[in-house]
Amino acid sequence: MSGITRLPRPMLENYEWQQRGLCRGSDVEQFFTDDPDQSRKARNDRTEAAKAVCAGCPVVQQCLDHALRVPEPYGIWGGSTASERARMLWDVAG
Ligand code: SF4
Numbered sequence: 001m002s003g004i005t006r007l008p009r010p011m012l013e014n015y016e017w018q019q020r021g022l023c024r025g026s027d028v029e030q031f032f033t034d035d036p037d038q039s040r041k042a043r044n045d046r047t048e049a050a051k052a053v054c055a056g057c058p059v060v061q062q063c064l065d066h067a068l069r070v071p072e073p074y075g076i077w078g079g080s081t082a083s084e085r086a087r088m089l090w091d092v093a094g
């Protein structure tokens with residue numbers, strides 16, 4: 001899953017929504033909470049803070065759709081964690 005062939009072609013219409021994300025310009029570390037060296041509390045706090053930003057984001061649905069389609073293996077996208085997206089995809093496939 002580390003290759004880039006899974007990503008949409010680099011055309012503006014595939015990524016334009018990202019220009020409107022509330023997370024744009026914020027600390028990227030807040031949205032990538034998968035660091036195994038951090039405590040559970042630190043990970044939960046960062047995850048909840050990132051999800052709170054996503055909750056007010058005007059492109060949350062586009063972001064989640066993208067993360068499920070690609071799929072994005074890490075980080076908070078569209079208000080969901082990687083494990084939550086894995087469950088969503090599992091439920092759809094099931
Ligand atoms: S939904 Fe969250 S991760 Fe996606 S663009 Fe908006 S703020 Fe960023």
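First residue of the sequence shown: 1, per the UniProt record's numbering; consecutive thereafter.
The C-beta atom is built at its ideal place from N, Cα and C for all residues, glycine as well.
Note that the structure is predicted; figures quoted are calculated from it, not measured.
Here G21 is buried: its Cβ has 16 or more other Cβ atoms, across all protein chains shown, within 10 Å. Apart from sequence neighbours up to five positions away, the residues of its chain that approach Y74 with a beta-carbon distance below 8 Å are F32, D34, A82, ordered along the chain. When Cβ pairs closer than 8 Å are counted between the two stretches, the segment 9-16 is seen not to touch the segment 42-51, the count staying below three.
Annotated as distal: V92 and R6, with beta-carbon spacing of 7 Å or more. Taking M88 as the centre and dropping the five residues before and after it, the same chain places the C-beta of L68, S80 closer than 8 Å to its C-beta, in chain order. Where T81 is concerned, there is no enclosing alpha helix (DSSP H), because DSSP gives it neither an H nor an E.
Within the UniProt domain "4Fe-4S Wbl-type" (22-87), complete beta strand (DSSP E) segments of at least 3 residues are not found at all.
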